[in-house]
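First to last, the sequence lines map onto chains A and B. Sequential numbering from 1 applies to the first sequence in my numbering. Sequential numbering from 1001 applies to the second sequence in my numbering. Note sheet for the following structure.
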Amino acid sequence: MITYPFSYQRAASLADAEALLGANPDAKLLAGGQTLIPTMKQRLANPPLLIDISGLAELSGVRREGERLVLGAALTHAQVAQSTEVRTLIPALAELASHIGDPAVRHLGTLGGSVANNDPAADYPAAVLGLNATLITTRREIPADKFFTGMFETALESDEILRAIAFPIPRRAAYAKFANPASRYAMVGVFVAQTTQGVRVAVTGAAPCVRRITDMEKALEASFDSESIAHIQIAADGLNEDLHGSAQYRAHLVTVMAKRAVTAALA
Amino acid sequence: MTTVTMTVNGKTVSGEIEERTLLVHFLRETLKLTGTHIGCDTSQCGACVVHVDDKAVKSCTMFAVQAQGRKVTTIEGLAEQGALHPVQSAFREHHGLQCGFCTPGMIMTAVDMISRGAATDRASIRRELEGNICRCTGYHNIVSAIEAAAKEMGA
Ligand SMILES: Cc1cc2nc3c(=O)[nH]c(=O)nc-3n(C[C@H](O)[C@H](O)[C@H](O)COP(=O)(O)OP(=O)(O)OC[C@H]3O[C@@H](n4cnc5c(N)ncnc54)[C@H](O)[C@@H]3O)c2cc1C
């Protein structure tokens, strides 16, 4: 036995999951378990109850709603990577999903779990912020700019469940990640999107929380090519620093990966 | 404590277990199927890969209760009537192992990638093996074994 003891319940429906979560404030939702279980095995989390929401029909499916693509929170990374709609309408998102972790992680890990967890080095947050997505919960709709509030922190209340994410279909977009060779998490990942509302650039891995780089957005508005951002260097102050790379190194990588993302978006 | 029931290698099995029992511990300790190995405690090494509903997953990163009612295949379930599975034969033929510790997970991952049609060339095979770590072989012969098995299985 590695984790602390807990009890387990499979939610029969979204309403059931909400009721269980409301009645048990310290309970945790279990989706793919690819973050929560490793954390529990390290005994860094000790939830008394796990509410299994994987496979709930209300959290699955990909559907087009006008100019946006709505993805259920419980879609696995493998399902997003293989979805014909995602591959056709937002290929950058399918590509991003196909590079998360490894095949076994992609078979279980979910979009909602990744986004709700907001790991500073996770890939999906860059796409959610870069595409200006809307997060649809059991209570409200939250714009991406208001969702990611800090390291491992989001605007979700403790008893609120992420149901789906609506991604506007961009004119062009791409994600470029410099993967940590051991974990495949992003040392630095940059998502660039050109939409009818303008250009957005979001970076993950570099800082404690995913963020936009407005200087690059402005430069790309003026001219959407990699040379127009080649001179833009973000400050190393406050960036992540660990055995894999210094803050200066990550700052440098941001420009390199942003240029690669723009080139890929134009390809 | 709770009771779980699932199909493992074609047989219906049940056990009275604590909820926190990982699938890998249920397989190894309750069912005594020790072919599935545990090589790390960070979900990274892939020695514990099994198939749940025909998809490769890390059995150290799933609780046994999550597999309730589902179909599980382990390395012990691959050979049919004593005849090795083509991937097992290919590992033997191409010397795809040295100490053998990572081999069950490598083979389960290989069977999954071949069935998805993802073992198309050596570079793809290497990318598909990102979640399986081997400390002996340098991967070369593992890749050769999977390439040969994929060809033989017509994938
Ligand atoms: C070896 C390995 C490599 C990895 N590599 C990468 C990588 O390269 N890039 C990357 O981005 N990630 C990586 N991951 C993490 C992986 O993507 C996880 O799947 C993901 O972070 C969490 O999703 P999950 O469904 O597994 O969530 P879980 O682990 O089940 O849950 C995570 C958290 O989110 C909460 N939660 C889950 N669903 C919801 C919901 N619908 N509403 C509200 N809260 C919810 C849970 O309560 C929990 O707190 C890796 C993981 C492993 C084990």
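Beta carbons: idealized from backbone N, C-alpha and C, even for Gly.
Under the criterion of a Cβ to heavy atom distance below 7 Å, does residue i qualify as lining ligand 1?
| i | result |
| --- | --- |
| G33/A | yes |
| Q1044/B | yes |
| Y1139/B | no |
| N240/A | no |
| H244/A | no |
| V190/A | no |
| D119/A | yes |
| R139/A | no |
| Y185/A | yes |
| T134/A | no |
| H107/A | no |
| Y124/A | yes |
| S114/A | yes |
| G1096/B | no |
| D102/A | yes |
Spatial neighbours of residue i within its chain, please: C-beta separation below 6 Å, excluding the five flanking residues on both sides.
| i | result |
| --- | --- |
| V199/A | E217, L220 and E221 |
| C1099/B | C1136 |
| T255/A | Q233 |
| G189/A | D123, A126, K177, T204 and G205 |
| I1146/B | A1110, A1119 and I1125 |
Compare the beta carbon distance of residue i and residue j with 8 Å and say whether it is the shorter of the two.
| i | j | result |
| --- | --- | --- |
| R1028/B | P5/A | no |
| N1132/B | G1046/B | yes |
| G33/A | M1062/B | yes |
| A174/A | V201/A | no |
| S1073/B | L1033/B | Residue identity check: residue 1073/B is Thr in the sequence provided, not Ser. Contact flag unset, no. |
| A1064/B | V1004/B | yes |
| A17/A | L29/A | yes |
| Q56/A | A11/A | Note that residue 56/A is Leu in the sequence shown here, rather than Gln. Result yes, Cβ atoms of L56/A and A11/A sit closer than 8 Å. |
| G61/A | D159/A | no |
| A1148/B | H1094/B | yes |
What span of residues does the beta strand (DSSP E) with residue i cover, start to end?
| i | result |
| --- | --- |
| L69/A | R68 to G72 |
| Y124/A | Segment Y124 to G130 is the alpha helix (DSSP H) holding Y124/A; no beta strand (DSSP E) there. |
| Q9/A | S7 to R10 |
| I136/A | T134 to T137 |
| T1005/B | T1002 to V1008 |
Can you grab the Cα-Cα spacing for the pair residue i / residue j, in whole Å?
| i | j | result |
| --- | --- | --- |
| E1076/B | G1117/B | 23 Å |
| H252/A | E1152/B | 46 Å |
| A230/A | F224/A | 12 Å |
| D1041/B | P48/A | 22 Å |
| I136/A | R163/A | 6 Å |
| V1013/B | Q197/A | 56 Å |
| R1127/B | S98/A | 11 Å |
| V1057/B | I1114/B | 15 Å |
| K1011/B | Q1044/B | 29 Å |
| R1092/B | R184/A | 30 Å |
| R250/A | A1079/B | 48 Å |
| K41/A | L266/A | 43 Å |
| H1051/B | S226/A | 43 Å |
| I37/A | A261/A | 32 Å |
| Y1139/B | S13/A | 44 Å |
Hey, quick one: how far does the alpha helix (DSSP H) through residue i stretch, first residue to last?
| i | result |
| --- | --- |
| Q1081/B | Counting along the chain, Q1081/B falls outside any alpha helix (DSSP H), and DSSP gives it neither H nor E. |
| E95/A | P91 to S98 |
| R1092/B | P1086 to E1093 |
Excluding the 5 residues flanking residue i on each side, which residues of the same chain have their C-beta closer than 7 Å to its C-beta?
| i | result |
| --- | --- |
| F1101/B | H1037, G1039 and A1047 |
| L111/A | L71, A73, L75, V80, Y124 and I165 |
| N46/A | Y4 |
| R68/A | A166, F167, P168 and I169 |
| L1031/B | V1008 and V1013 |
| A297/A | Summary: the structure shown does not reach residue 297/A, with chain A confined to residues 1 through 267, and so no result is reported for it. |
Relative to ligand 3, is the shortest distance from any of its heavy atoms to the C-beta of residue i smaller than 7 Å?
| i | result |
| --- | --- |
| P38/A | Ligand 3 is not among the ligands present in this structure, which contains only ligand 1. |
Under 8 Å Cβ to Cβ from residue i, same chain only, skipping five residues before and after it: list those, please.
| i | result |
| --- | --- |
| P208/A | P120, G150, M151, G238 and N240 |
| N180/A | A121, A186, M187 and H244 |
| I1107/B | I1075, L1078, H1085, V1087, Q1088 and F1091 |
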